[in-house]
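S.K.:
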Ligand SMILES: Cc1cc2nc3c(=O)[nH]c(=O)nc-3n(C[C@H](O)[C@H](O)[C@H](O)COP(=O)(O)OP(=O)(O)OC[C@H]3O[C@@H](n4cnc5c(N)ncnc54)[C@H](O)[C@@H]3O)c2cc1C
């Protein structure tokens, strides 16, 4: 309704004064330049485990799962599986 266009299978080739250069698929075909004003990068994740370490220091047993255990990949399924397995084991 707001005119948002969703693109699938995009490779982000580069950003320059012309805009955001993209191609599609493993073959990197159909090159396009998007006339963008702003590029927001949602990249890089880090596990935050302060609480786990603090609790371990007090002898409290913890289970670290999901993004807190490994934030290197985009894998919500792993986080859900780990949560389910821990819950079932408790
Ligand atoms: C930009 C981006 C895109 C992604 N795209 C995909 C995708 O397409 N497919 C895919 O499979 N995965 C994707 N992921 C990864 C996926 O989001 C994570 O793997 C998943 O959300 C990890 O689940 P989690 O429950 O471990 O952590 P989270 O989903 O991060 O949940 C942690 C929760 O704990 C809360 N919290 C944190 N600290 C405290 C505190 N001290 N007290 C109380 N609550 C607290 C947070 O607010 C949050 O709600 C993406 C991640 C990002 C950042």
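In my numbering, the protein residues as written are 6 to 95.
Cβ atoms here follow ideal geometry from the backbone N, Cα and C, with glycine treated the same way.
All figures in this text were calculated on a predicted structure; none of them were measured in a lab.
(1) Going straight from the alpha carbon of residue 45 to that of residue 79, what length do you get?
(2) Within the present structure, is the beta-carbon of residue 80 separated from the nearest heavy atom of ligand 1 by less than 7 Å?
(3) Do you know how far the Cα of residue 66 is from the Cα of residue 48?
(4) Return helix, strand or coil for residue 39, following the three-state DSSP convention.
(5) If I'm right that residue 87 touches residue 72 with Cβ under 8 Å, what's the distance once you round it to whole angstroms?
(6) Put residue 22 into one of helix, strand or coil per three-state DSSP.
(7) Nearest to residue 11 by alpha carbon, out of 19, 29, 20, 22?
M.R.: Put simply:
(1) Translated into positions along the chain shown, residue 45 becomes position 40. Translated into positions along the chain shown, residue 79 becomes position 74. Rounded to the nearest angstrom, the two C-alpha atoms are 18 Å apart.
(2) For the purposes of this step, residue 80 is taken as the residue at position 75 of the chain shown. At least one heavy atom of ligand 1 is nearer than 7 Å to the Cβ of residue 80, so yes.
(3) Residue 48 sits at position 43 when you count from the first residue of the chain shown. Residue 66 sits at position 61 when you count from the first residue of the chain shown. About 32 Å.
(4) As a working mapping, residue 39 is identified with position 34 in the chain shown. Correct three-state label for residue 39: strand.
(5) Numbered from its first residue, the chain shown carries residue 87 at position 82. Numbered from its first residue, the chain shown carries residue 72 at position 67. Actually they are not in contact, since the Cβ atoms of residue 87 and residue 72 sit about 10 Å apart, beyond 8 Å.
(6) Here residue 22 refers to the residue found at position 17 of the chain shown. Three-state DSSP puts residue 22 in coil, outside helix and strand.
(7) Position 6 of the chain shown holds residue 11. Comparing Cα-Cα distances from residue 11 to each of 19, 29, 20, 22, the minimum goes to 29.
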